[in-house]
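2 protein chains.
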Amino acid sequence: MRWRDLGDEECSLARALAVVGDRWTLLVLREAFLRVRRFDDFQARLGIARRVLTERLKHLVEHGVLRKVAYQDAPPRFEYRLTDKGLGLHPLLVGLVNWVDAHYAGKNGPPLLHRHVTCGHDFRSVMTCSECGEAIDPRAIAPHAGPGARKKKAS
Amino acid sequence: MRWRDLGDEECSLARALAVVGDRWTLLVLREAFLRVRRFDDFQARLGIARRVLTERLKHLVEHGVLRKVAYQDAPPRFEYRLTDKGLGLHPLLVGLVNWVDAHYAGKNGPPLLHRHVTCGHDFRSVMTCSECGEAIDPRAIAPHAGPGARKKKAS
DNA sequence: CCCATTAAGTCTTGAAATAAGACTGAGTCA
DNA sequence: TGACTCAGTCTTATTTCAAGACTTAATGGG
Chain A
1 MRWRDLGDEE CSLARALAVV GDRWTLLVLR EAFLRVRRFD DFQARLGIAR
51 RVLTERLKHL VEHGVLRKVA YQDAPPRFEY RLTDKGLGLH PLLVGLVNWV
101 DAHYAGKNGP PLLHRHVTCG HDFRSVMTCS ECGEAIDPRA IAPHAGPGAR
151 KKKAS
Chain B
1001 MRWRDLGDEE CSLARALAVV GDRWTLLVLR EAFLRVRRFD DFQARLGIAR
1051 RVLTERLKHL VEHGVLRKVA YQDAPPRFEY RLTDKGLGLH PLLVGLVNWV
1101 DAHYAGKNGP PLLHRHVTCG HDFRSVMTCS ECGEAIDPRA IAPHAGPGAR
1151 KKKAS
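Same order as they appear, the protein sequences are chains A and B. The first sequence begins at 1 in my numbering and counts up one residue at a time. The second sequence begins at 1001 in my numbering and counts up one residue at a time.
Now the structure itself:
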């Protein structure tokens, strides 16, 4: 299977990765969550090939994760802002960051903390069950075919 | 910057991606969560190059996400099992799946559901604050430098 | 006017990674 | 014996990436 055909898969995870699973894409979003918006700023902070950055930004805009907004007309200049859909990924990224920090703690602790402005505390993202509200024990997850399943493979 | 040097970054997200950010890696883990354990099964279900699969499995074992366990001696045969560290990624993957399903619902609904065996219901993974217990509004997350920060870049 | 600078890309080139599938080696099964 | 299983390894052609030079349009200073 080719990576480029991932979006055609039935599997939800495959379709998610078709959007944000390319190299650098999640790091571009990390910068976006840190309020970076302009091409050269993304490029300078990530140090990635400009060609790749161009491609990733275009892809994220096409998938509605970022919006390209003109901030001046002459010469035309644009910035990239998160959409609501893009913002929805932030808690997940925090969860991923918490996962690494839990397993590969540096000597001094995590380099970045996240404050929950609602309650004012630095927090970890705790995954809970939408039905019973309890924190999810990873061993208590049982995947099974849903209504949109075609045959046997899915996710 | 080269992708291979990602693990040396201070940024937690970069270090997470150095472990699970390669092409196909998360799909390998999806299969592992669906109880797939053997090389040929992974290969047949994913349809990826065997060379790439070999590399990804080795990488995941090296990083303690999977364990390679002999299940017979002659000829030697192995299977790959999730470690606790690997299991810790399952709620995050469910969250990612929920994210796509929310934004790109198929006509029939999601192809895969997840049951929370503790309460018996199909659930979505809701990210909540470890401090106040509330569901996290993505706009209420304020990243800031933590104790392990070196200069300005992080995550 | 002339030159430097900024910003958002595009282009080029050589180096890596991936896709597809053939091949290998040890052992089992009939 | 010959077909088959399983877990890889190898080969080749194609794609993608890394690094940085180049482009275009405008602004600011001397």
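All C-beta atoms, glycine included, are put in the ideal place defined by N, C-alpha and C. Note that the coordinates shown come from a computational prediction; the quantities given were computed from them, not determined experimentally.
Per-residue DSSP class, three states only, for residue i
i, result
"residue 1063(B)", "coil"
"residue 1018(B)", "helix"
"residue 128(A)", "strand"
"residue 1041(B)", "helix"
"residue 69(A)", "strand"
"residue 152(A)", "In this predicted model, residue 152(A) has a pLDDT of only 43, less than 50, meaning its place in the structure is not dependable; the value taken from the coordinates is given anyway. Coil at residue 152(A), not helix or strand."
"residue 5(A)", "helix"
"residue 1110(B)", "coil"
"residue 140(A)", "helix"
"residue 31(A)", "helix"
"residue 1077(B)", "strand"
"residue 1135(B)", "strand"
"residue 1089(B)", "coil"
"residue 95(A)", "helix"
"residue 36(A)", "coil"
"residue 1049(B)", "coil"
Top-ranked residue by Cα proximity to residue i, from the options
i, options, result
"residue 20(A)", "63(A), 34(A), 42(A) and 108(A)", "63(A)"
"residue 33(A)", "91(A), 147(A) and 53(A)", "91(A)"
"residue 1095(B)", "1077(B), 1124(B) and 1109(B)", "1124(B)"
"residue 2(A)", "1139(B), 1145(B), 1024(B) and 1084(B)", "1024(B)"
"residue 13(A)", "1104(B), 1082(B), 1080(B) and 1039(B)", "1104(B)"
"residue 1132(B)", "46(A), 106(A) and 115(A)", "115(A)"
"residue 106(A)", "1146(B), 1076(B) and 1097(B)", "1146(B)"
"residue 1048(B)", "1035(B), 1031(B) and 1061(B)", "1031(B)"
"residue 36(A)", "93(A), 82(A), 127(A) and 112(A)", "82(A)"
"residue 121(A)", "1057(B), 1141(B) and 1121(B)", "1141(B)"
"residue 29(A)", "17(A), 138(A) and 60(A)", "60(A)"
"residue 111(A)", "1150(B), 1110(B), 1007(B) and 1098(B)", "1150(B)"
"residue 119(A)", "1067(B), 1134(B) and 1078(B)", "1134(B)"
"residue 1053(B)", "1080(B), 1071(B), 1074(B) and 1098(B)", "1080(B)"
Neighbouring residues, chain A, relative to residue i (Cβ below 7 Å)
i, result
"residue 1104(B)", "15"
"residue 1004(B)", "What residue 1004(B) touches in chain A: nothing, since even the nearest Cβ is about 11 Å away."
"residue 1028(B)", "Residues of chain A passing the Cβ test: none, with the nearest at roughly 11 Å."
8 Å Cβ cut-off: residues of chain A touching residue i
i, result
"residue 1139(B)", "87"
"residue 1041(B)", "Within chain A, no residue comes near residue 1041(B); the closest Cβ sits about 12 Å away, beyond 8 Å."
"residue 1101(B)", "12"
"residue 1050(B)", "Ordered by position in chain A, no residue passes the 8 Å Cβ test against residue 1050(B), which lies about 12 Å from the chain."
Bridge-paired residues (DSSP) for residue i
i, result
"residue 55(A)", "DSSP output for residue 55(A) lists no bridge partner at all."
"residue 1082(B)", "1066(B)"
"residue 1145(B)", "112(A)"
"residue 1122(B)", "1115(B)"
Per-residue contacts from residue i into chain B (C-beta, under 7 Å)
i, result
"residue 117(A)", "1140 and 1142"
Neighbour list for residue i in chain B, Cβ cutoff strictly below 9 Å
i, result
"residue 44(A)", "Within chain B, no residue comes near residue 44(A); the closest Cβ sits about 10 Å away, beyond 9 Å."
Any non-hydrogen atom of the ligand HEM within 7 Å of residue i CB
i, result
"residue 102(A)", "This structure lacks the ligand HEM, and indeed carries no ligand of any kind."
Interface residues of chain B facing residue i [CB-CB closer than 8 Å]
i, result
"residue 145(A)", "1111, 1112 and 1113"
For this session: Check each residue of the region 88-99 of chain A: if its Cβ is closer than 7 Å to any Cβ of chain B, include it; give the result in chain order.
Result: 88, 89, 90, 91, 92, 93, 94, 95, 96, 97 and 99
Problem set entry | Interface residues of the region 53-65 of chain A facing chain B [CB-CB below 8 Å] | Shown in chain order are the members of the region 53-65 of chain A whose Cβ falls below 8 Å from a Cβ of chain B: 64.
For this session: Mind checking the region 1070-1086 of chain B against chain A and listing, in chain order, the residues whose C-beta falls within less than 7 Å of any C-beta there?
Result: 1085
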